[in-house]
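*Asks:* Shown below is the structure under consideration.
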């Protein structure tokens, strides 16, 4: 959709992810963040995120967490770049069509130590041998210092468990760092056995960027 708005009906037709509400609330609770820090539904629009950036709110956040659909280019008809799905508006506009594309991410003002993209394919290369997606690179360009991203489609329930486990571990013991926190969350999934131990469920997430 470079230079044009997305089809809002197509965005709205994407499968709902009700468990991401629990994930967002659990992550906020682990960080001791206020309820107002959790943006859901009508508060999680593309326009709201851009407004928060313009007001300096995103630049003050140390951790940013997106629990939603991640799309690669071509996944929706006409989608020319990767994007994060947000709550779609009633009608598309240049500022809000429900998709925060990579090029739009680059215009955000960030200074986050950690951006967590709990969504599908947020690290997948765009072809041509690229190791990281345009979406991941866009968040670095916008000012993120490290990312948690996924290499392949993520089981939503597994993502909830992994992300909340990693954030909880880091909050309890900040000195261990993000990489060790994620390792512990992965180990906890393996220890559960059964489907939880399947690498397809716990292995897609990686950390990119430096600790600070």
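Residue numbers (our numbering): 491 to 702. Positions of the beta carbon are idealized from the N, C-alpha and C atoms, including for glycine.
1. Taking the beta strand (DSSP E) that residue 591 belongs to, which residues open and close that run?
2. From residue 675 to residue 551, what distance separates their C-alpha atoms?
3. DSSP beta-bridge partners for residue 696?
4. Taking contact to mean 3 or more Cβ pairs, one atom from each stretch, closer than 8 Å, check whether the region 578 to 586 and the region 630 to 641 are in contact.
5. Per DSSP, what are the beta-bridge partners of residue 560 in this structure?
6. On the DSSP bridge list, what partners appear for residue 608?
7. Between 527, 604, 608 and 628, which lies nearest to residue 691 when the distance is taken from Cα to Cα?
8. Would residue 568 and residue 496 qualify as a contact pair, given that the criterion is a beta-carbon distance under 9 Å?
9. Got a sec? Which residues, its chain only, sit under 7 Å from residue 694 by beta carbon, not counting five neighbours each side?
10. Is the separation between the beta-carbon of residue 613 and that of residue 589 shorter than 9 Å?
11. Between the region 644 to 654 and the region 596 to 603, do at least 3 Cβ pairs fall closer than 8 Å?
*Replies:* To lay it out plainly:
1. Counted from its first residue, the chain shown places residue 591 at position 101. That run of the beta strand (DSSP E) goes 589 to 591.
2. Here residue 675 is taken as the residue at index 185 of the chain shown, counted from 1. Here residue 551 is taken as the residue at index 61 of the chain shown, counted from 1. So the alpha carbons of these two residues sit roughly 23 Å apart.
3. As a first step, residue 696 must be located in the chain shown, where it is residue number 206. DSSP, once it has assigned bridges, lists 639 as partnering residue 696.
4. Too few Cβ pairs lie closer than 8 Å, so no.
5. In the chain shown, the residue the question calls residue 560 occupies position 70. DSSP output for residue 560 lists 574 as bridge partner(s).
6. On the chain shown, position 118 is the one that residue 608 refers to. Answer is 557, bridged to residue 608.
7. Within the chain shown, the letter at position 201 stands for residue 691. Of the candidates 527, 604, 608 and 628, 608 places its Cα closest to the Cα of residue 691.
8. Position 78 of the chain shown, counted from the first residue, corresponds to residue 568. Position 6 of the chain shown, counted from the first residue, corresponds to residue 496. In contact: residue 568 and residue 496 (Cβ atoms closer than 9 Å).
9. Position 204 of the chain shown, counted from the first residue, corresponds to residue 694. Same-chain partners within the cutoff: 640, 641, 642 and 644.
10. On the chain shown, residue 613 is found 123 positions in, with the first residue counted as 1. On the chain shown, residue 589 is found 99 positions in, with the first residue counted as 1. No, they are not a contact pair.
11. no
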